[in-house]
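Working notes, beginning with the structure itself.
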Amino acid sequence: MLDMKKKNSHLYDHNTLFSKLSETTQPVIICAAIGALSGFLIAFLAANGYAAIPGFGPIIAYGNILAILIGTIMGIIIGTIFGFLVSLILIMLPREK
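Using UniProt numbering, the first residue of the sequence shown is number 1, and each one after it goes up by one.
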């Protein structure tokens with residue numbers, strides 16, 4: 001008689017890995033939204049002269065709207081990267097069943 005658990009173990013590991021990777025979307029979206037909000041806020045403060053961001057001066061020289069737009073996009077990118085890294089770390093931690 002064949003032991004089906006040994007034969008299907010590769011398929012089971014693939015499905016488990018896929019289900020774990022599909023759990024990363026929610027933290028990534030949340031961190032991207034928080035990053036967009038913080039990027040907008042710091043770009044708004046920098047454009048009005050209340051905060052200093054190194055290397056952001058030439059962007060502010062083009063205008064406030066462009067500075068706020070670029071700050072928001074930078075916040076989304078950084079938030080997405082950190083959200084993905086944090087969710088990967090949380091997935092790799094062992095869970096109690």
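Glycine included, C-beta positions come from ideal geometry on N, C-alpha and C.
Boundaries of the alpha helix (DSSP H) harbouring Ala67: 64-92, taken from the DSSP string. Non-local C-beta neighbours of Thr72 in its own chain, meaning closer than 7 Å and more than five positions away in sequence, comprise Ala36, Gly39, Phe40, Ala43, ordered along the chain. Nearest to Ala33 by C-alpha distance, out of Leu93, Leu90, Ile81, is Ile81. The three-state reading of DSSP puts Pro54 in coil, since its state is none of H, G, I, E or B.
Within 10 angstroms of the beta-carbon of Ile59 lie 16 or more other beta-carbons, which makes it buried.
Secondary structure at Gly39: helix, using DSSP grouped into helix, strand and coil. Straight-line measurement puts the Cα of Asn64 at about 12 Å from the Cα of Phe56.
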